[in-house]
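Residue numbers (our numbering): 19 to 247.
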C-alpha cells in the first residue's frame, strides 16, 4: 500500500497556480463574490499561505486580470492573409470565445469590481484596447493613421466591448449573428468616414476590392442594396 505525497511547488509555480485558480473562479462569478478562503480551498492550501504569495485579494485579482488581459489581447492576433472581412470575423469569434468563457470576470472588469478605477486596472484595460487597435491597423496596412481612421478603429473597439456586455445580460441575440454584425459595423463606420475624407475613401475602395462575393462586407452591401432598392 502506497501513500500519495503532495509535491512541493516552487514560489513562482505556486503563484501561477493561484492566479489560474483565481481566474477560474472570477470567470464564473463576480470577483466581489469570491473570497480568499474559496481561492485557498480550490488551490488546496491554507488561507495564510495565499497571503504569503499575495498581500490581499486585490493584488491577486490584478494578477489574474493581467493574465486575462494578455489572453484577450492575443485574440486579436490574426495572420495577414485573405480578405479583411473574413479576418475580422475570425477575430470576433475568438473575442466572443473569451467573453463566453470569462463572462462574470469580463463584466466585472468593464462595469465594476474590486480593482476597478485603480491605475493598475485602467492600464490593463487600456493595454488590451491598444493591442486591438494596433492589430486592426496592421490588417489595414496602415502605420500612420489619419485622424478619421483612428476615430473609426477606436470607436469600433469600444462598440465591441459594449456589444459583448449587452450580450452577456441575457444573451438574447445569437452570438454568431453579433459577430457578423460587428464586422458589418466596422465596414459601416469606415464607410461613414470615407464619405467625408478622400484618404478614408481610398482605403475603403482598396478593402472592398479584395472582398469576395460571399464575404461579410459584400453581404452587408447586398443587404443595404436590398433595403433601398
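Ideal Cβ positions, reconstructed from N, Cα and C, are used throughout, including at glycine.
- If you check the CB distance, residue 182 and residue 146 do not come in under 8 Å.
- As the crow flies, the alpha-carbon of residue 104 is around 12 Å from that of residue 204.
- Counting along the chain, no alpha helix (DSSP H) covers residue 52, and no H or E run does either.
- Between residue 234 and residue 107, the CB-CB gap stays under 8 Å.
- Of the candidates 220, 158, 35 and 144, 158 places its Cα closest to the Cα of residue 100.
- Within the same chain, 238 come within 8 Å of residue 206 by CB-CB distance, once the 5 residues on both sides are set aside.
- DSSP, read as helix, strand or coil, puts residue 64 in coil.
- Around residue 150, the same chain offers 94 and 175 as residues with beta carbons nearer than 6 Å, after the five sequence neighbours per side are excluded.
- Straight through space, the alpha carbons of residue 35 and residue 57 are spaced by roughly 10 Å.
- Under the DSSP assignment, residue 233 falls outside any alpha helix (DSSP H); it carries neither an H nor an E label.
- Each residue's CA atom was taken as its position, placing residue 195 and residue 81 some 33 Å apart.
- If you ignore the 5 residues before and after residue 211, its C-beta comes within less than 6 Å of the C-beta of 166, 170 and 218, all in its own chain and listed in chain order.
- The distance from the Cβ of residue 68 to that of residue 54 is about 6 Å, consistent with a contact at the 8 Å cut-off.
- Under the three-state reduction of DSSP, residue 27 is assigned to coil, being neither helix nor strand.
- Between residue 88 and residue 116, the C-beta gap is not smaller than 8 Å, which leaves the two residues out of contact.
- Secondary structure note for residue 195: its alpha helix (DSSP H) is the uninterrupted segment 193–212.
- Assigned with DSSP and collapsed to three states, residue 101 falls in coil, not helix or strand.
- Straight-line measurement puts the Cα of residue 110 at about 19 Å from the Cα of residue 123.
- Put simply, of 112, 84, 202 and 200 the residue whose alpha carbon is nearest the alpha carbon of residue 41 is 84.
- Around the Cβ of residue 243, a 10 Å sphere holds fewer than 16 other Cβ atoms; the residue is exposed.
- In the structure shown, the three-state DSSP call for residue 94 is coil.
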